[in-house]
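First up is the structure itself, then whatever we jot down about it.
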Amino acid sequence: MTDLTAALKEELVGHDHEHVTSTGISNEKLAMWVFLGSECLLFGGLISTFILYKTRAADGQTPHQLYDILFTSISSFVLLMSSLTMVLAVSAVQRADLRAMRGWLLTTALLGVVFISGQVYEFTEFLGEGYGFTHSPAWSAFYTLTGFHGVHVTLGIVMLLSTAALSLRGHVGSHNPESVEIVGLYWHFVDVVWVVIFTVVYLIK
Amino acid sequence: MTAIDGPLALGAGDEVKTRPGGVFARPSSSTTGWRSWVTTVDHKKIGIMYGAAALFFFLIGGIEALLIRLQLATPNGKLLSADLYNQVYTMHGTTMIFLVVMPIGAAFMNYLMPLQIGARDVAFPRMNALSFWVFLFGGVVLNSSWLLGGGADGGWFNYAPNNGVIFSPSHGIDFWNMGLLLTGISSLVGAVNLITTVLNMRAPGMTLMKMPVFTWMSLVTQFLLLFAIPVLTAAQFLLMFDRLFGAQFFNVEQGADPLLWEHLFWIFGHPEVYIMILPAFGVISEIIPVFARKPIFGYPFMVFSGIAIGFMGWGVWAHHMFASGVGPISVAAFSVSTMFIAVPTGVKILNWLATMWGGKLTFSAPMMYSIGLVTMFTIGGLSGVTHAVAPADTQQTDTYYIVAHFHYVLFGGALFGFVGGWYFWWPKVFGYALGERTGKINFWILLIGFNLTFGPMHILGLQGMPRRTYTYRDGYGFNLWNFVSTVGAFTIAVSFLIFFWNIYASYRKAKKAAGGKGKKLTMPADPWDARSLEWMIPSPTPVHNFDVTPTVQSLDEFWHRKYGEDEAGRLVRIAATEDVVQKGDATDVHLPSPSYYPIVLAFGLPWITWGLIYNLWFCAFGAVFVLAGIYGWIMEPSTDPSDGHSHEDDHDDDPSGDEASAADDADEPSGDAAPTEEAALVD
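Order-wise, the sequence lines are chains A and B.
Position in the first sequence counted from 1, then plus 675, gives you the working numbering.
Position in the second sequence counted from 1, then plus 79, gives you the working numbering.
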């Protein structure tokens, strides 16, 4: 019994070679940065696809004609604010204030949920007007790009909740503040990508 | 707080404490037999499995190649129908690229790179195992198409709109798509892992510019994979949505642009050719200095030309599309950039030649394959420069001239280097050497067979024989050279039979010399009088790699520990090899424990892909394995504290884990896991 909990702590605290890495950055953090580099190209491919296809619809009905810019601006603002609460969560764990950390993690997750709900609402609206995934290249590209981003946010929410949950059992805490920071890296990345997507998809005519 | 009960219950339920995940007992590091392979997280075993799996797929891809050559041996061939021929050449190309050349590169990188930087393993050993299993299952998915209605039939690049359901109604392209999505996940996980390893786990003193050239080329290759694979993945998702869920990405009637696929594919596809060739460049950059008894000529140029290839490889993709109407400005720009990329490659060839120049050359089998690479790749490089000239290329496009070119660079380049690498590192990996004499016979037959097969294709191509066409008529002047090419293909097959026979015969001979069954095969640590760190440890490599992590002072560290210079600048031995090499007898090294979860997770993925094609219930079945794998993985420490070693376990017994006890535990690892490792690092 105790072996496992003890070992789990060790796992989450860091590996035995953590303090001797050549760059001084832990393996986990470096790996997250490297992975996010790869993600840029995934979104790059999908964003390019959208830019190429945004006006391609046989009946001339492109996504642009249906956007509710005010609505999406508000949900974008909510997502951007979640980066602020994420920073506060990291700051809290670095101060060893785990209660505050959990609070901010849950707030961040909640803001993420609000954003996703907004996306679901938006998709449902468009579908209701008859513009589904299979309507035309423009709509396929719209749903694919924003949908991929939505899946990324959802995974981020799962990570935030798991981190908060693990902290209850002592697996995440002041002894390994970096694990929260790494989740934060992912979260900020997803936010930054949304800034690009919001600009490219919604704002640029 | 109730909101977080769900993940908490999954993450740390009571029953999982005794058995992580509640399903398996943890395999211990003393596991033997097939279980030790299935559960291994050892980079060496994973490297060997990559190599073995790649050789298996090589047999499949080789048989497909022989079928193609038999069909084309004479005019109006009847062996394959047009439809079957389309499937066979598509699967031949896909198999050789994704399931042979890339994984052989991965095999070398997995096995050697940690040794060359003086590490005990990669940064994330279980992720390494995951990479391998996902690759293997990706290969299974791709080839399962043969049993489930036929393979993909659109060429390895599967251009739109030919890849749509209208033009390719069988599920072949779906299998192709799904299989390559899986190998893509494998490559991505591997890239994150190996990049972190090279950057973070170098032995003390090993600065970037003291890393062996092979390690450098591995790093560049992994960065290329990191950035190229997601572009292919994006394109494949579009294709999947089109074929399976009715999206409109490549439906021209609805205003879609098929060139989108071509661009995305080649933005991946051109870096891909460097992903295949750079590891082989790295391999021969290790072999040539050893058998020339000179350090590599112009090491910084070697490194920076590799990096330059890595960067410039992103700016040449449209040279695959000169005939597709991308416009005169694009054609001119990509034409020029393609000519430029020949420069760093030329630098490398010059440096290999200069390394040999004035050296004390030994023409051993590995050296002969390396020279084979330099010469054959140069021929392929020259025909490559002719493609850079756009007007000429529009004549060559889709002819056998192109087929000749890329086989000279990928077979004459990558595969020659890899076979040379096998002859070179075989003693280090398996504890016995491959027969030298047989190796040289193997080389000459391969060289002759290779040139007989692909040399005539230059002529056929310039005469106008089209690729991807299942037959040709009599009277076009194609008969003779096609026949020669088929003879050559079977000569290549013979040379590989000799290679496999050499493995078997050398093994038997070594077993006999070692005293028969049950005896462990061993070799001297340094049979070639070599230069880099992997030769400083016993052959075969002990499970813990290094007894003591070496402190590195120079490039070619091992060589400089053996040799110095006298006042006149002459080479003198300063230490006997036996005094420099490690004994491999350390017993207290802390190693990552084996795990079932990588293969459990990977096993779920092919079911998800089959499910997307046939029935979503398969997806649910696969998802159970994926989730079980992920949660089991998270709950399982990378190193099992109860698993052997001199590991003191003095954690407190309180599993409730409130904040106070978590804070108490804060400094535990440094007082716990670290001492053995720390002691080992003080050299």
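For every residue, glycine included, the Cβ atom is placed at its ideal position computed from N, Cα and C.
Quick caveat: nothing in here was measured; it's all calculated off a predicted structure.
Rounded to whole angstroms, the gap between the alpha carbons of B:Met418 and A:Arg777 is 57 Å. Between the stretch 556 to 571 of chain B and the stretch 139 to 149 of chain B, the count of C-beta pairs closer than 8 Å reaches three or more; the two stretches touch. If you draw a 10 Å sphere on the C-beta of B:Trp523, you find fewer than 16 other C-beta atoms in it, and that means exposed. For A:Leu755, the CB contacts under 7 Å within the same chain, skipping 5 residues up- and downstream, are Asp866 in chain order. Comparing C-alpha distances from B:Met319 to each of A:His824, A:Thr819 and A:Thr737 shows the shortest one belongs to A:Thr819. The C-alpha of B:Leu159 is placed about 15 Å away from the C-alpha of B:Arg552. By the Cβ neighbour-count rule, B:Leu576 is exposed, with fewer than 16 other Cβ atoms within 10 Å of its own. Assignment of B:Pro685 by DSSP, reduced to helix, strand and coil, places it in the helix class.
Across the stretch 679 to 692 of chain B, no CB contact with chain A closer than 9 Å is found for any residue. Taking C-alpha positions only, B:Val468 is separated from B:Thr424 by approximately 18 Å.
The beta carbon of A:Tyr742 is closer than 6 Å to those of Tyr877 in its chain, skipping five residues each way along the sequence. Contacts with chain B (Cβ-Cβ distance below 9 Å) from the stretch 709 to 735 of chain A involve Val709, Phe710, Gly712, Ser713, Glu714, Cys715, Leu716, Leu717, Phe718, Gly719, Gly720, Leu721, Ser723, Thr724, Leu727, Tyr728, Thr730, Arg731, Ala732 and Ala733, listed in chain order. Take the alpha-carbon of A:His846 and the one of A:Ala775: they are about 16 Å apart. Within the stretch 224 to 296 of chain B, the alpha helix (DSSP H) runs of at least 4 residues that lie entirely inside it are, in chain order, 251 to 279. From the beta-carbon of A:Pro852, no residue of chain B is found nearer than 7 Å; the closest lies around 10 Å away.
Within the DSSP secondary-structure output, B:Met536 pairs in no beta bridge. Counting other Cβ atoms within 10 Å of its Cβ, B:Val573 stays below 16 and is therefore classed as exposed.
Not a single unbroken stretch of the alpha helix (DSSP H) spanning 4 or more residues falls wholly within the stretch 193 to 220 of chain B. Distances from the alpha-carbon of B:Lys507 to those of B:Ser414, B:Ile616 and B:Thr465 put B:Ile616 closest. Sequence-distant partners of B:Met536 (beyond 5 residues in either direction) whose C-beta falls short of 6 Å from its own C-beta, in its chain, are Tyr479, Val482 and Ala483.
In this structure, the straight-line span from the alpha carbon of B:Pro445 to that of B:His486 is close to 21 Å.
The closest CA to that of A:Thr724, considering only B:Arg372, B:Leu343 and B:Val331, is found on B:Leu343.
Contacts with chain B at 8 Å (Cβ-Cβ) include A:Ser697.
The three-state secondary structure of A:Leu836, taken from DSSP, is helix. Under the 10 Å beta carbon count, B:Arg652 is surrounded by fewer than 16 other beta carbons and is classified as exposed. Annotation: the continuous beta strand (DSSP E) that includes B:Arg652 extends over Leu650 to Arg652. Rounded to whole angstroms, A:Val765 and B:Asp336 show a C-alpha spacing of 45 Å. Excluding residues up to 5 positions away in sequence, Trp614, Thr656 and Val660 lie with their Cβ nearer than 7 Å to the Cβ of B:Asp605 in the same chain.
DSSP places B:Gly643 in the strand class (E or B) of the three-state scheme. Closest by C-alpha distance to B:Trp393, out of B:Pro374, B:Phe347 and B:Ser414, is B:Phe347.
Around the CB of B:Val679, 16 or more other CB atoms lie within 10 Å, so the residue is classed as buried.
Under the three-state reduction of DSSP output, B:Ser618 falls in the strand class.
Counting only the Cα atoms, A:Gly712 lies some 15 Å from A:Ile722. It is roughly 40 Å from the alpha-carbon of B:Gly197 to the alpha-carbon of A:His824. Around the beta carbon of A:Thr874, fewer than 16 other beta carbons sit within 10 angstroms, so the residue counts as exposed. Per the coordinates, the alpha-carbon of B:Ser249 lies some 57 Å from the alpha-carbon of B:Val631.
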